[in-house]
Amino acid sequence: MDFTYTILIPLIPLAVFLILGINALKIKENVAGIVGVGGLLASTILSFYTAFQYFFKVGKVDGVYQTFVEKTVWMNFTDTLAIDMGVLIDPISVMMLVVVSTISLMVHLYSRGYMHGDQGFTRFFAYLSLFSFSMYGLVLATNLFQIYIFWELVGVSSFLLIGYYYTKPSAVAASKKAFIVTRFADFGFLMGVLMIGYYTGTFDFMALNNPAALQDLSSPIMQYSGITFMGFSVITTALVLIFAGGAGKSAMFPLHIWLPDAMEGPTPVSALIHAATMVVAGVYLVARLFPMFYFVEDGIALQVVAYVGGFSSLFAALIALTQHDIKRILAFSTMSQIGYMMMALGISGYGGVEGLGFTASMFHLFTHAMFKALLFLGAGSVIHAVHSNVLQEMGGLRKYLPITHITFLIAALAIAGVPPFAGFFSKDEILAAAYESNRLLFWVEWTVAGLTAFYMFRLYFGIFWGKERVYKHTPHESPLSMTLPLMFLAIVSAVAGFVPFSQFVSPDLAGYTTHIHMNIAAMSVGVGVLGIAIAWIMYKKETDIADKISSAFGFLYKWTYNKFYFDEIYLFVTREIIFKRIAQPFAWFDKKIVDGTMNLIGNSTVDISKKIKGAQSGKVQDYAFAFVSGVVIMVMVFIYFMN
Amino acid sequence: MDFSSLLLMRHEFVLTAILLLMIVGEIFVSEKNKKNLVFLGIILFAIHTAIGLLPLADGTLFGGMFKTTILTHFFKSVLNIGVLILLLQSGDWLRDKVAGQQKASEFFILIFSSLLGLYFMISAGDFLMFYIGLELSTLPITALAAYESLKQKSSESGVKLILSAALASGTSLFGITMMYATSGSLFFDAMTITASNLTILGFLMFFAGLAFKISLAPFHFWTADVYEGAPISVASYLSVISKGAAAFVLMILLFTLFRPLESIWINLMYGIALLTMFIGNLFAIRQQNLKRFLAFSSIAQAGFILLGLLSVDKLGATTIIYFIMIYVFSNLGAFGVVQAISNATGKENIDDYDGLYRTNPKLSLVMLLALFSLAGIPPVAGFFGKFFLFMAAASQGYYLLVFIGVVNVTIALYYYLLVVRAMFLRKSENSIPHFNSKPMMRLGLIITVLGILSLGLYSPLYEYIFEISNSIFKL
């Protein structure tokens, strides 16, 4: 089967970028919108066609999905190491194509309404196209070098998109922070790539991921695996370094600090980059190299992935409890959910049902992309209506924004893991996988599931219920161009869980059948509903009586209202214990220590540079002195000390 | 003597002929038409560049004082292309801006003399030829630094350069004499370098002179002051052509003549690379004047070149030459934009670039490309250049240094982004108004853009260098 045409999927957005970018000042808003959406629509159709062809026309051969690679040698770096460029078609890359296309198309459509009338409309669409190009390139990469190139390009385009509101100083600062922090993490990635290239002699994913070669210590890939570096074999070290790069892009602790700030960008950008595509690149990277992570040194590197993921998900969920900016709540929620995916990859096995963690991680990536993009776009619609990001300035909006309200509710139910919405299925699989292999992480993630349900519904009740605020002008529902993507994503979030995902995506490409794990499902739904209920009690209270009665569950509320002490206990437990004793210290730690350390590194660099500026005095005598001293020092070092 | 063997000096002969033609032109062309000497100079040099691309046999002349190999031949062409771009970028300035336009041909004569010096330096087969080349390449440039003699800063720049250069070449010469004393010869082939104290002393002093030309720390102090005061074309020449050639020569000498001292100079390069990267970057962060900014950024870039020296083989040589080529185009792109804007408005500070993208989108895009290439962001050429240098250093196991190199790439990214931010993400009430560059400047910038893009994406160039760089070990 020939998949060469998939090369068009990234090339079309690139062409759009070039057209819009070079003529940014000449092209009118209407034309830019049509060109941008049209280009992406073409890529989306091709992506779906690829998925259809791959999963249904070609299907499994001898019980496994085939991997198709179309590549050419781009450069012969040395006599033995060649660098290729091409496209790689396998279950996870095809799945990512579908995710990226769907979300990106929805965001393109939505942006036509959201950015309507903005001065830089054309520029915005040019950046969006550049981003789509880079993301497609990243997904389709056939080797480490290629994925690194697109990895950086994704960073560049996200820098441009976050800093898009360049009149806002905070946006400009945030864009720089995001770029530099992720670049900082990319150190690791780069070093890892260099080490892999040197020690295995190849960058190619097909060669690197060959399970037979990975288990044979004398194969070309593993011949240097005996060499140790910082206590691990060099390959393990390289994998951990590569994971550090992935952790930076995917906002894992402690490299997550750029994500909340990145919320300064336009909301559609947050939906596209910070919910569904770029931030999961790290998960994708680990999944891409999964056989390496799994087989090399019995998966030590994979353990790191698991614990970093698990910790990040708990950490972020606790912080999300204390935030007031609705986009920041969503940002921490994203970090928490990506932690889920990383953790699931980290605990996964390889063959057959053992690979449940891997499947679940990819499944959650898929469903999360849909409902988190929906949440962001919904939040954008709310911000559009009330011109504020702050939760306290919202309330009672369900009357004014009926479509946003319903779609937001569906997304919130999905992320809270309530059946039959999409998040329930993927979360169930993750918890089931964790239950089988690591009980500690299971209980962590179970707690996070409850916290997630709580803060999501705190958000939901806070925006759409609660006391109505005085708005400057009456909020109104967004135009159809914005609500249409919301409705589409809501439908997907509601039904995507029924996709028999494990048939399509598994580490050994064979696929298997899963079923709902009833006891685990009961536990996770239980904790989810508990979280929702607490949110209900705490945040829906502000409604007036008419609303209470009209609400279908009004009696439940009344009942709790009468049992006042319950409320007090809840308040005490949540406010006094969870907020003050746990969540706030975490938030403080995050802000002061983690963020502070990064700032300190940055500031001290600038300080040093300030202090040494005096050395450049402008006097030639001083320069001559420095020159001669340089010679003298060299002579002393190399003749007296080293000889 | 067979005169056909003199054809081995084709580059030198053609350039000398052009140089003499310019002098004759200066004498015989009427005052009114002197402006047009600029065109003559550029066209003649373009022809020279084209001739230079024709293949040339390997060989030696004058009993081994002058050598040419496919690699030196190739590198001279790289320098030619660089100088051609530079001349195109300075053409308008020479025609319209220079005080007293009678001096236009002087500019060409001096630049060509200096380039001739670089040719001899590259092709030198003994230290005598080498030293003559070194001096010939430096002295005309000191005159050029003071070219805008009515500006105080320009004169200051010239004086600073000649004083520093005198010290450097004096030290270097002293070093050469010491090596002569121990080995009894000046010919590279006949010299036997052993790790005796006197030889090492000689080598270190010689190295200091070359390090001055590449502006490696701590021999770099002259750089910022000279760049700031000198005309932009001259700063550009110093930072791109002269530095590139000196780095190339350093590599050849270390890989061949000084190979016996490898255990010493590897450590030296390690230390100097560290120092140079940090000093260049830390000073660059706070610069407001773009010429000073580019001066320090180019110091840091030189530090990266040294990483490739740690891999004493074909790979190291290839990555260095490849990086220098990319650096030539990227830095010329940045200097070209600075020159275009300075010609049109006289502004040279980063703040002046606020909101440039809204008024001059194409110029900003060229600058963006050049800066991204200097910063090493894919898929622009600079990324490949840096990546391959790191690869070369990593192949010898210098992971710590590679790591520090990558840290420095990130610091550098920060200050390159300051300029990008000014152009793209900032708004200003009095940003530079829209203007159209002159055709020559446009052509110059278009060539640099093509260079930056094609060097990164068109791989046969790299593969060609990889193929020919073996000849370095046969010099």
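Residue numbers (numbering that gives the first Met the number 0), protein chains in the order written: chain C, 0 to 642; chain A, 0 to 474.
Each residue gets a CB set at the ideal place from its N, CA and C atoms; glycine is no exception.
From a predicted model like this one, the values you see are computed outputs, not experimental measurements.
Under 8 Å, do residue i and residue j count as touching if we go by C-beta distance?
i, j, result
"residue 155 (chain C)", "residue 325 (chain A)", "no"
"residue 276 (chain C)", "residue 102 (chain C)", "yes"
"residue 629 (chain C)", "residue 217 (chain A)", "yes"
"residue 495 (chain C)", "residue 421 (chain C)", "yes"
"residue 121 (chain A)", "residue 193 (chain A)", "no"
"residue 377 (chain C)", "residue 407 (chain C)", "yes"
"residue 278 (chain C)", "residue 333 (chain C)", "yes"
"residue 225 (chain C)", "residue 217 (chain C)", "no"
"residue 280 (chain C)", "residue 137 (chain C)", "yes"
"residue 221 (chain A)", "residue 290 (chain A)", "no"
"residue 504 (chain C)", "residue 266 (chain C)", "no"
"residue 204 (chain A)", "residue 174 (chain A)", "yes"
"residue 434 (chain C)", "residue 519 (chain C)", "yes"
"residue 472 (chain A)", "residue 254 (chain A)", "yes"
Suppose you measure from the CA of residue i to the CA of residue j; what does that come to, to the nearest Å?
i, j, result
"residue 508 (chain C)", "residue 356 (chain A)", "48 Å"
"residue 61 (chain C)", "residue 445 (chain A)", "54 Å"
"residue 245 (chain C)", "residue 462 (chain C)", "34 Å"
"residue 560 (chain C)", "residue 10 (chain C)", "Here residue 560 (chain C) scores only 39 on pLDDT, less than 50, and its place in the model should not be relied on; the value that follows carries that caveat. Their backbone Cα atoms lie some 59 Å apart in a straight line."
"residue 549 (chain C)", "residue 404 (chain C)", "Only weak support exists for where residue 549 (chain C) lies, its pLDDT of 39 falling under 50; the coordinates are left without a value."
"residue 398 (chain A)", "residue 81 (chain C)", "22 Å"
"residue 546 (chain C)", "residue 177 (chain C)", "Because the pLDDT at residue 546 (chain C) is just 45, under 50, the model does not fix this residue reliably, and the point stays unresolved."
"residue 544 (chain C)", "residue 460 (chain C)", "With a pLDDT of 39 at residue 544 (chain C), under the threshold of 50, the modelled position of this residue cannot be trusted, and the question is left open."
"residue 441 (chain C)", "residue 157 (chain C)", "34 Å"
"residue 385 (chain C)", "residue 486 (chain C)", "21 Å"
"residue 528 (chain C)", "residue 457 (chain C)", "13 Å"
"residue 382 (chain C)", "residue 132 (chain C)", "28 Å"
"residue 346 (chain A)", "residue 340 (chain A)", "7 Å"
"residue 324 (chain C)", "residue 37 (chain C)", "34 Å"
"residue 506 (chain C)", "residue 288 (chain C)", "10 Å"
"residue 648 (chain C)", "residue 241 (chain C)", "The shown model of chain C, from 0 to 642, leaves out residue 648 (chain C), and the question about it has no answer."
"residue 2 (chain A)", "residue 10 (chain A)", "16 Å"
"residue 542 (chain C)", "residue 489 (chain C)", "Here the model assigns residue 542 (chain C) a pLDDT of 47, short of 50, so the residue's position is not dependable and the matter cannot be decided."
Which residue comes first and which comes last in the beta strand (DSSP E) that contains residue i?
i, result
"residue 75 (chain C)", "67-75"
"residue 86 (chain C)", "81-88"
"residue 65 (chain A)", "65-67"
From which residue to which residue does the alpha helix (DSSP H) around residue i run?
i, result
"residue 58 (chain A)", "Residue 58 (chain A) -> not in any alpha helix (DSSP H); beta strand (DSSP E) instead, spanning 58-60."
"residue 260 (chain C)", "257-260"
"residue 357 (chain C)", "355-385"
"residue 303 (chain A)", "289-308"
"residue 344 (chain A)", "313-344"
"residue 19 (chain A)", "9-27"
"residue 122 (chain C)", "120-139"
"residue 177 (chain A)", "151-182"
"residue 372 (chain A)", "360-374"
Members of the segment 174-203 of chain C that neighbour chain A once the beta carbon cut-off is set at 8 Å: So the list reads 174, 175, 178, 179, 182, 183, 186, 189, 190, 193, 194, 196, 197, given in the order they occur along the chain.
To be precise: take each residue of the segment 189-209 of chain A, compare its Cβ to all Cβ atoms of chain C, and keep it if any distance is under 7 Å. Which residues remain? Within the segment 189-209 of chain A, the residues whose Cβ lies closer than 7 Å to some Cβ of chain C are 196, 199, 200, 203, 204, 207, listed in chain order.
Any 3 or more C-beta pairs closer than 8 Å across the segment 427-436 of chain A and the segment 287-301 of chain A: Short answer: they don't touch.
The segment 54-87 of chain C: which residues have C-beta closer than 7 Å to a C-beta of chain A, in chain order? Those would be 73, 74, 75, 77, in chain order.
Contact set between the segment 441-474 of chain A and chain C, restricted to residues whose Cβ is under 9 Å from the partner: So the list reads 456, 458, 459, 461, 462, 465, given in the order they occur along the chain.
Kindly confirm or deny that the segment 350-370 of chain C and the segment 93-101 of chain C touch, where touching means at least three C-beta pairs closer than 8 Å. Because the criterion of three Cβ pairs below 8 Å is met, the segment 350-370 of chain C and the segment 93-101 of chain C touch.
Between the segment 148-169 of chain A and chain C, which residues of the former have a C-beta closer than 8 Å to a C-beta of the latter? Answer set for the segment 148-169 of chain A: 158, 159, 162, 163, 166, 167.
Taking contact to mean 3 or more Cβ pairs, one atom from each stretch, closer than 8 Å, check whether the segment 458-469 of chain A and the segment 309-324 of chain A are in contact. A contact is defined here as three or more CB-CB pairs under 8 Å, and the segment 458-469 of chain A meets this definition with respect to the segment 309-324 of chain A.
Which residues, taken in chain order from the segment 397-410 of chain A, show a beta carbon closer than 9 Å to some beta carbon of chain C? Of all residues in the segment 397-410 of chain A, only 398, 401, 402, 405, 406, 408, 409, 410 place a beta-carbon less than 9 Å from a beta-carbon of chain C.
So does the segment 106-123 of chain A actually touch the segment 17-33 of chain A, counting three or more Cβ pairs closer than 8 Å? Inter-segment contact for the segment 106-123 of chain A and the segment 17-33 of chain A is present: three or more beta-carbon pairs are separated by less than 8 Å.
Contact between the segment 147-156 of chain A and the segment 128-139 of chain A (3+ Cβ pairs under 8 Å): In short, these stretches do not touch, since the Cβ pair count stays below three.
Looking at chain A, which residues of the segment 615-626 of chain C have a Cβ within less than 8 Å of any of its Cβ atoms? Answer in chain order: 615, 617, 619, 621, 622, 623, 625, 626.
For the segment 19-27 of chain C against the segment 50-66 of chain C, are there 3 or more C-beta pairs whose distance is under 8 Å? Not touching, per the Cβ criterion.
So, do the segment 384-391 of chain A and the segment 272-282 of chain A have three or more beta carbon pairs nearer to each other than 8 Å? With the cut-off at 8 Å, the segment 384-391 of chain A and the segment 272-282 of chain A do not touch.
Counting only Cβ-Cβ distances shorter than 8 Å, please list the residues of the segment 415-434 of chain A near chain C, keeping chain order. Taking 8 Å as the Cβ-Cβ cut-off against chain C, the residues of the segment 415-434 of chain A that qualify are 416, 420, 423, 424, 425, 426.
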